[in-house]
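**Student:**
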Amino acid sequence: MGVYLSTPKTSKASEDGEDDRHKFGASSMQGWRSTMEDAHAALLDLDDSTAFFGVYDGHGGKTSEL
559 MGVYLSTPKT SKASEDGEDD RHKFGASSMQ GWRSTMEDAH AALLDLDDST AFFGVYDGHG
619 GKTSEL
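For the sequence shown, this note's numbering gives the first residue as 559, with consecutive numbering after it.
1. For the candidate residues Gly618, His617, Phe611, Gly616, whose alpha-carbon lies nearest to that of Glu576?
2. Starting from the C-beta of Lys567, find all residues in its chain whose C-beta is less than 6 Å away, skip the five residues before and the five after it, and write them out in chain order.
3. For the beta strand (DSSP E) containing Thr565, list its first residue and its last residue.
4. What's the gap between the Cα of Asp605 and the Cα of His580?
5. Curious, which full-length beta strand (DSSP E) runs of at least 3 residues does the stretch 574-623 contain?
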């Protein structure tokens, strides 16, 4: 299940964006894990009527939970 740090990394990476139909914000923090295992995606203009938002929760390896 991954390697843990002796002290957590508490700096945060944040992103936000908007268009005429959507507004989003996302923030992540590594914490006790040796690498950042979480990710997100925000595609506001997938096509004229579709946007995509995803949150991916890492689980101590190469896999993630949707």
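Positions of the beta carbon are idealized from the N, C-alpha and C atoms, including for glycine.
**Tutor:** So, to answer that:
1. Along the sequence shown, one-based indexing puts residue 576 at 18. When only C-alpha atoms are compared, the closest one is Phe611.
2. Here residue 567 corresponds to residue number 9 of the sequence shown, with the count starting at 1. For Lys567, where only same-chain residues beyond five positions count, the Cβ hits under 6 Å are Gln588.
3. As a position in the sequence shown, residue 565 is number 7, starting the count at 1. Counting along the chain, the unbroken beta strand (DSSP E) around Thr565 starts and ends at 562-576.
4. Residue 605 sits at position 47 when you count from the first residue of the sequence shown. Residue 580 sits at position 22 when you count from the first residue of the sequence shown. Approximately 13 Å, taken between the alpha carbons.
5. 581-591, 597-605, 608-616
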